[in-house]
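Have a look at the structure below, then the notes.
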Amino acid sequence: MKDRFFLDTNVLVYSFDDEAPEKREKAIKLVRSALESRKGVISWQVLQEFLNVALHRFTKPMSTRDAEEYLQTVLVPLCRVMPSQELFRDALLIKNETRYRFFDSLVVAAALRSGAKTLYSEDLQHGRAIRGLTIQNPFQGD
201 MKDRFFLDTN VLVYSFDDEA PEKREKAIKL VRSALESRKG VISWQVLQEF
251 LNVALHRFTK PMSTRDAEEY LQTVLVPLCR VMPSQELFRD ALLIKNETRY
301 RFFDSLVVAA ALRSGAKTLY SEDLQHGRAI RGLTIQNPFQ GD
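Below you can see the structure in the form of C-alpha coordinates.
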(Lines of atoms letter the chains of each structure in order from A and count residues from 1; the text may use other names and numbers.)
(Lines give C-alpha, C1' and ligand atoms only; values in the text may rest on other atoms or scores of the structure.)
Protein backbone atom coordinates (compact mmCIF):
# COMPACT_ATOMS: atom_id res chain seq x y z
CA MET A 1 0.00 0.00 0.00
CA LYS A 2 1.60 3.20 -1.15
CA ASP A 3 -1.04 5.68 0.03
CA ARG A 4 -2.09 6.52 3.57
CA PHE A 5 -5.05 4.51 4.83
CA PHE A 6 -7.35 4.75 7.83
CA LEU A 7 -8.54 1.84 9.97
CA ASP A 8 -11.99 1.91 11.53
CA THR A 9 -12.52 0.38 14.96
CA ASN A 10 -14.02 -2.83 13.59
CA VAL A 11 -10.72 -3.74 11.88
CA LEU A 12 -8.88 -3.57 15.19
CA VAL A 13 -11.63 -5.53 16.95
CA TYR A 14 -11.62 -8.29 14.33
CA SER A 15 -7.86 -8.72 14.81
CA PHE A 16 -8.80 -10.35 18.15
CA ASP A 17 -11.89 -12.29 17.03
CA ASP A 18 -11.30 -16.03 17.32
CA GLU A 19 -14.86 -16.71 16.17
CA ALA A 20 -14.23 -15.16 12.73
CA PRO A 21 -10.81 -16.56 11.71
CA GLU A 22 -10.87 -15.26 8.10
CA LYS A 23 -11.73 -11.76 9.22
CA ARG A 24 -9.16 -12.01 12.00
CA GLU A 25 -6.37 -12.88 9.56
CA LYS A 26 -7.30 -10.02 7.21
CA ALA A 27 -7.50 -7.60 10.12
CA ILE A 28 -4.13 -8.70 11.52
CA LYS A 29 -2.54 -8.17 8.10
CA LEU A 30 -4.02 -4.68 7.83
CA VAL A 31 -2.86 -3.68 11.32
CA ARG A 32 0.61 -5.11 10.68
CA SER A 33 0.79 -3.28 7.35
CA ALA A 34 -0.35 -0.06 9.03
CA LEU A 35 2.48 -0.27 11.53
CA GLU A 36 5.23 -1.52 9.23
CA SER A 37 4.52 0.85 6.34
CA ARG A 38 3.74 3.81 8.62
CA LYS A 39 0.91 4.53 6.20
CA GLY A 40 -1.89 3.36 8.50
CA VAL A 41 -3.74 5.84 10.67
CA ILE A 42 -6.41 5.85 13.36
CA SER A 43 -7.98 8.67 15.34
CA TRP A 44 -8.48 9.27 19.05
CA GLN A 45 -12.10 8.11 18.53
CA VAL A 46 -11.01 4.73 17.13
CA LEU A 47 -8.49 4.37 19.97
CA GLN A 48 -11.10 4.94 22.66
CA GLU A 49 -13.78 2.83 20.94
CA PHE A 50 -11.36 -0.08 20.61
CA LEU A 51 -10.29 0.06 24.27
CA ASN A 52 -13.91 0.20 25.39
CA VAL A 53 -14.78 -2.90 23.35
CA ALA A 54 -11.60 -4.76 24.33
CA LEU A 55 -12.03 -4.10 28.04
CA HIS A 56 -15.77 -4.67 28.26
CA ARG A 57 -17.24 -6.52 25.28
CA PHE A 58 -14.69 -9.10 24.16
CA THR A 59 -15.77 -12.65 25.00
CA LYS A 60 -12.74 -12.70 27.28
CA PRO A 61 -12.11 -9.02 28.09
CA MET A 62 -8.57 -7.75 27.67
CA SER A 63 -6.68 -7.24 30.91
CA THR A 64 -5.64 -3.73 31.86
CA ARG A 65 -2.01 -4.76 31.44
CA ASP A 66 -2.59 -6.15 27.94
CA ALA A 67 -4.60 -3.04 27.04
CA GLU A 68 -1.72 -0.81 28.19
CA GLU A 69 0.72 -2.81 26.07
CA TYR A 70 -1.54 -2.66 22.99
CA LEU A 71 -2.03 1.05 23.58
CA GLN A 72 1.72 1.66 23.51
CA THR A 73 2.68 -0.73 20.71
CA VAL A 74 -0.24 -0.32 18.28
CA LEU A 75 -2.78 2.36 19.12
CA VAL A 76 -0.53 5.29 20.00
CA PRO A 77 1.81 4.77 17.01
CA LEU A 78 -1.20 4.74 14.65
CA CYS A 79 -3.13 7.59 16.27
CA ARG A 80 -2.56 10.74 14.25
CA VAL A 81 -5.90 12.57 14.41
CA MET A 82 -6.96 14.32 17.59
CA PRO A 83 -10.21 16.14 18.36
CA SER A 84 -10.57 19.73 17.24
CA GLN A 85 -13.28 22.21 16.46
CA GLU A 86 -12.51 21.81 12.75
CA LEU A 87 -12.83 18.02 12.95
CA PHE A 88 -16.26 18.28 14.56
CA ARG A 89 -17.36 20.90 12.02
CA ASP A 90 -16.21 18.64 9.18
CA ALA A 91 -18.08 15.71 10.72
CA LEU A 92 -21.29 17.73 10.81
CA LEU A 93 -20.89 18.67 7.14
CA ILE A 94 -20.15 15.06 6.19
CA LYS A 95 -23.19 13.91 8.17
CA ASN A 96 -25.28 16.31 6.14
CA GLU A 97 -23.74 15.16 2.82
CA THR A 98 -23.82 11.42 3.45
CA ARG A 99 -26.69 10.90 5.91
CA TYR A 100 -24.30 8.79 8.02
CA ARG A 101 -24.72 8.83 11.78
CA PHE A 102 -22.57 11.40 13.57
CA PHE A 103 -19.94 8.97 14.90
CA ASP A 104 -19.52 7.41 11.44
CA SER A 105 -19.21 10.91 9.99
CA LEU A 106 -16.55 11.66 12.59
CA VAL A 107 -14.55 8.63 11.41
CA VAL A 108 -14.84 9.82 7.80
CA ALA A 109 -13.81 13.35 8.80
CA ALA A 110 -10.78 11.98 10.68
CA ALA A 111 -9.79 9.82 7.71
CA LEU A 112 -9.99 12.85 5.43
CA ARG A 113 -8.07 15.04 7.86
CA SER A 114 -5.32 12.39 8.04
CA GLY A 115 -4.82 12.52 4.28
CA ALA A 116 -5.91 8.90 3.81
CA LYS A 117 -7.03 7.75 0.38
CA THR A 118 -8.76 4.63 1.74
CA LEU A 119 -10.93 4.04 4.80
CA TYR A 120 -11.12 0.36 5.77
CA SER A 121 -14.46 -0.25 7.49
CA GLU A 122 -17.04 -2.98 7.59
CA ASP A 123 -19.75 -0.58 8.70
CA LEU A 124 -19.86 1.93 5.85
CA GLN A 125 -20.79 1.64 2.19
CA HIS A 126 -18.18 -0.42 0.32
CA GLY A 127 -16.90 1.46 -2.73
CA ARG A 128 -18.38 4.82 -1.78
CA ALA A 129 -16.15 7.82 -2.45
CA ILE A 130 -16.36 10.92 -0.27
CA ARG A 131 -14.16 13.90 -1.12
CA GLY A 132 -11.41 11.71 -2.58
CA LEU A 133 -11.61 9.08 0.16
CA THR A 134 -12.73 5.58 -0.87
CA ILE A 135 -14.40 3.28 1.63
CA GLN A 136 -13.40 -0.36 1.37
CA ASN A 137 -14.77 -3.28 3.33
CA PRO A 138 -11.71 -5.48 3.80
CA PHE A 139 -13.96 -8.41 4.74
CA GLN A 140 -16.16 -8.23 1.64
CA GLY A 141 -16.97 -11.71 0.44
CA ASP A 142 -16.44 -13.39 3.82
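Mapping of the sequence shown onto the numbering used here: residues 201 to 342, in sequence order.
Beta carbons are placed, not taken as given, at the ideal position from N, Cα and C, and that holds for glycine.
These numbers were taken from a predicted model, which means no experiment stands behind them.
Please work out which residues of its chain come closer than 6 Å, Cβ to Cβ, to residue i, disregarding the five sequence neighbours upstream and downstream, and give them in chain order.
i, result
"N337", "E322, H326"
Classify residue i as helix, strand or coil using the three-state DSSP reduction.
i, result
"A311", "helix"
"Y270", "helix"
"Q336", "strand"
"S263", "coil"
"S284", "coil"
"L324", "coil"
"S215", "coil"
"A254", "helix"
"A291", "helix"
"A316", "coil"
"A234", "helix"
"A220", "coil"
Buried or exposed: which applies to residue i, given that a residue is buried once 16 or more other Cβ atoms fall within 10 Å of its Cβ?
i, result
"F205", "buried"
"D290", "buried"
"V276", "exposed"
"F302", "exposed"
"R313", "buried"
"K223", "buried"
Using the Cα positions of residue i and residue j, report the straight-line distance between them to the nearest angstrom.
i, j, result
"M244", "L293", "The question names Met, yet the displayed sequence has Trp at residue 244. Cα-Cα distance, rounded: 20 Å."
"E236", "Q285", "31 Å"
"S215", "A227", "5 Å"
"V211", "V231", "8 Å"
"I174", "E268", "Missing from the structure shown is residue 174; the chain here goes from 201 to 342 and no further."
"A311", "D217", "24 Å"
"A220", "P283", "32 Å"
"E225", "L324", "20 Å"
Ordered along the chain, which non-local residues of its own chain (more than five positions away) have a Cβ less than 7 Å from that of residue i?
i, result
"A316", "R204, F205, F206, V241, L333"
"F288", "none"
"C279", "I242, S243, W244, L247"
Identify, in the order they occur along the chain, each residue of the same chain with its Cβ nearer than 8 Å to the Cβ of residue i, setting aside the five sequence neighbours on each side.
i, result
"Q340", "H326"
"V253", "T209, V213"
With a threshold of 6 Å, establish whether the CB of residue i neighbours any heavy atom of the ligand PLP.
i, result
"Q325", "Among the components of this structure there are no ligands whatsoever, and the ligand PLP is therefore not found."
**Asked** Do the stretch 249-262 and the stretch 283-298 touch if we need at least three Cβ pairs shorter than 8 Å?
**Response** no
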